[in-house]
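In the UniProt record's numbering, the protein residues as written are 1 to 313.
Written as structure tokens, this is what we have:
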């Protein structure tokens, strides 16, 4: 069956039903879609840890079957994220779907329907126009074809959450090439995946204060997609900055949270509080004052976040 052109109006309920019935992406669950002056989507995405989110999306133009969108706001666990952190998080969440035409540039998202149409069962079409109406979307399309036997791809989530597996591969690759002076810091680096897991668990712990959860949100996003600030400081060790930031930041977090809560959420068997104190002392000794200042400045930048009004602890 083929239809040359059509115009349809989809309500919030229509769109949610279509998404829940047909968009089968492992780990992704959309709970609610509301349409005001933009689309507001509430849901969760699970890799290793279930992450609740809310995203506000503005519609741009449609050209050559490409939809241009803009991410205006992103909240994780009801915490508003800095623009830089938001861009990192959006990129990480959507990178799995790049083979299907979903590409991210900062807070702009382009959806190439020539590829993304693979995610829509039974139909192929060319989108020509989208407009936001009160609690609805008006959509115009042409060259609509119904294909009963159209195959629907299954997107599998990656085995390793974020970049955690990268730290283990990193260790195997360079440990034997690192000067003996820095071997211990590589061993500390092997705890970074567990530290990220600790931060995620603390975010979900109701005993943790809101101001600390804001810090944890920014820290987790940073460590999930590290930005090197000391790329050439130690030969072969491009992630020395991430390890240092992780432990210096954790040291600050430990001062804000009772020891029992930290240990209740720590996924390892080690005493992470004692290890953190040792790691900070060790890193301070081997890094020059200038580099320590860079690390502390980076942590201050990460912590520059404000709570959303009416956030719940």
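C-beta atoms are modelled at their ideal positions from N, C-alpha and C, and glycine is treated no differently. Bear in mind that the values here come from a model prediction, so they are computed numbers and not experimental data.
When rounded, the separation of the alpha-carbon atoms in residue 243 and residue 265 is 20 Å. Between the region 268 to 280 and the region 201 to 216, the count of Cβ pairs shorter than 8 Å is below three; the stretches do not touch. The three-state secondary structure of residue 23, taken from DSSP, is coil. Counting only residues of its own chain and dropping the five nearest sequence neighbours on each side, residue 131 has a CB closer than 6 Å to the CB of 138. Per the C-alpha coordinates, the member of 297, 120, 65 positioned closest to residue 15 is 120. With a beta-carbon spacing of about 45 Å, residue 136 and residue 299 fall beyond the 8 Å limit used to define contacts. Measuring C-alpha to C-alpha distances from residue 249 to each of 28, 198, 269 identifies 198 as the nearest.
Close CB contacts of residue 36 within its chain, under the 6 Å cut and outside five residues either way in sequence, are absent. Close CB contacts of residue 109 within its chain, under the 6 Å cut and outside five residues either way in sequence, are with 69 (chain order). With a beta-carbon spacing of about 14 Å, residue 29 and residue 17 fall beyond the 8 Å limit used to define contacts. Straight through space, the alpha carbons of residue 21 and residue 128 are spaced by roughly 24 Å.
With a beta-carbon spacing of about 7 Å, residue 257 and residue 202 fall inside the 8 Å limit used to define contacts. The C-alpha of residue 103 is placed about 15 Å away from the C-alpha of residue 60. In this structure residue 125 is buried. Its beta-carbon is surrounded by 16 or more other beta-carbon atoms within 10 angstroms.
Residue state for residue 129 is assigned as strand, using DSSP reduced to three classes.
With a cutoff of 9 Å on beta-carbon distance, residue 12 and residue 25 are scored as not near each other. At the C-beta level, residue 293 and residue 143 stay beyond 9 Å of one another. One Cα belongs to residue 146, the other to residue 71, and the distance between them is close to 32 Å. The alpha-carbon separation between residue 117 and residue 149 amounts to approximately 14 Å. Between the C-alpha atoms of residue 188 and residue 274 there is a straight-line separation of about 12 Å. Around the C-beta of residue 287, 16 or more other C-beta atoms lie within 10 Å, and the residue is accordingly described as buried.
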